[in-house]
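First comes the structure, then the notes that go with it.
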Amino acid sequence: MRFAQRVKEETPEPLHAMYVVGSVLTPDYNPACSDINSVIVVKEKEPPFLDFLIGLGKIFREKKVAPPLVMTADYIQRSLDVFPIEFLNFREIHHTLYGEDYLKELLIDDQFLRLQCEREIKAKLLWLGQVYLEALGDQRELSQKLTGSVTGYLPLFRAILRLAGHEIPLACNEVTAGLQQVLDFDSEIFLRLYRMKTTDRQLTDKDELCSCFSRYYQATEKIADYVDALSY
38 MRFAQRVKEE TPEPLHAMYV VGSVLTPDYN PACSDINSVI VVKEKEPPFL
88 DFLIGLGKIF REKKVAPPLV MTADYIQRSL DVFPIEFLNF REIHHTLYGE
138 DYLKELLIDD QFLRLQCERE IKAKLLWLGQ VYLEALGDQR ELSQKLTGSV
188 TGYLPLFRAI LRLAGHEIPL ACNEVTAGLQ QVLDFDSEIF LRLYRMKTTD
238 RQLTDKDELC SCFSRYYQAT EKIADYVDAL SY
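Convert by adding 37 to the 1-based position in the sequence shown; the result is the number in my numbering.
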């Protein structure tokens, strides 16, 4: 990864570690549309280092290299209770490019994880209702919002699988299939929207769009009920 090599060789601040994370490490990675995400761990988060990354960003943006998440090891440890879903996914899906592997040793508290899962899934319910109203009957806008949102469910699904004591898969179809084993929900609507997103297709038929929205909303509601009933 040329970006990582440039960071390592030219950094104005000492690096503790650098990782590539996310979909680039999964079977779902699509070079045409998937970003390459990374996490950089530094001793101190200083403006000169951020300015250095801005310079590299101008070079690598066209290569789908997303702005890295920059944090300290102390920040990670003090944020596991606030962002357990994010750090769980970092722990499960990462590759160390440089330095110590802090991520593999992260301890995620199930109580905090369940709380964030409940907050995230209920926020998605509110969001779905809001975008339906905001579209004002514009089918293309609503279709784009639905297909654009589906990948945001995957980190949440992996967290729910962890709470249920199941293995955490990488691929979208395996994640949704795993969750289907945990609760009886309409997993097919997520796979359908995911396929549409990755092939850049949209729903053009009004009745079909309304049906998909209804299924998507009801499936999200069922997941919310499941998470709400969990206790730790």
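Note that beta-carbon positions come from the ideal geometry of N, C-alpha and C, so glycine has one too.
For clarity, every value in this text was computed on a predicted model and none was experimentally measured.
Are there 16 or more other CB atoms within 10 angstroms of the CB of V79, so buried, or fewer, so exposed? Locating residue 79 in the sequence shown gives position 42, counting from the first residue. Result: buried.
Where G166 sits in the DSSP three-state scheme: Locating residue 166 in the sequence shown gives position 129, where the first residue counts as 1. Of the three classes helix, strand and coil, the one that applies to G166 here is helix, per DSSP.
Determine whether the beta carbon atoms of V219 and L140 lie at a separation below 9 Å. For this step, residue 219 is matched to residue 182 along the sequence shown. For this step, residue 140 is matched to residue 103 along the sequence shown. It is not a contact, given that the beta carbons lie outside the stated cut-off.
The region 197-206 contacting the region 232-242, beta-carbon criterion three pairs below 8 Å: no
For L117, tell me which candidate among D146, F194, V102 has the shortest Cα-Cα distance. Here residue 117 refers to the residue found at position 80 when the sequence shown is read from its first residue. Cα-wise, what sits closest to L117 is D146.
Using only alpha-carbon positions, find the residue among H53, S71, I197, E47 that is nearest to D111. Your numbering for residue 111 matches position 74 in the sequence shown. Of the candidates H53, S71, I197, E47, the one whose C-alpha sits nearest the C-alpha of D111 is H53.
G202, DSSP secondary structure in three states: One-based indexing of the sequence shown puts residue 202 at position 165. Coil.
Of all the options V44, I260, P121, V102, which has the alpha carbon lying nearest to the alpha carbon of H161? Residue mapping note: residue 161 aligns to position 124 of the sequence shown, counting from 1. Looking at the sequence itself, residue 161 is Lys, so the reference to His does not match. Closest option to K161, Cα to Cα, is I260.
Between the Cα of S71 and the Cα atoms of K95, I96, A103, F40, which residue gives the shortest distance? If you number the sequence shown from 1, residue 71 lands on position 34. Cα-wise, what sits closest to S71 is A103.
The ligand MG heavy atoms versus the CB of K182: any closer than 8 Å? Summarising the ligand content, the structure contains no ligands, and the ligand MG is consequently not present.
Under a three-way DSSP split, which group does N67 fall into? Here residue 67 refers to the residue found at position 30 of the sequence shown. In the structure shown, N67 sits in coil (DSSP, three-state: anything other than H, G, I, E or B).
Reducing DSSP to helix, strand and coil, say where T241 ends up. Taking the first residue of the sequence shown as position 1, residue 241 is located at position 204. DSSP places T241 in coil when its eight states are reduced to three.
Between the C-alpha atoms of I91 and Y135, what's the straight-line distance to the nearest angstrom? Taking the first residue of the sequence shown as 1, we reach residue 91 at position 54. Taking the first residue of the sequence shown as 1, we reach residue 135 at position 98. Using only the alpha carbons, I get a separation of about 20 Å.
Are the CB atoms of L183 and Y253 within a distance shorter than 9 Å? As a working note, residue 253 is residue 216 in the sequence shown. As a working note, residue 183 is residue 146 in the sequence shown. Yes. Within cutoff.
Run of the beta strand (DSSP E) containing M108, from where it starts to where it stops: Within the sequence shown, residue 108 is the residue found at index 71, counting from 1. Its beta strand (DSSP E) spans residues 106-109.
Taking the alpha carbon of C154 as the reference point, which residue from F120, E171, D175 has its own alpha carbon closest? Counting from 1 along the sequence shown, the entry for residue 154 is found at position 117. The shortest Cα separation from C154 among F120, E171, D175 belongs to F120.
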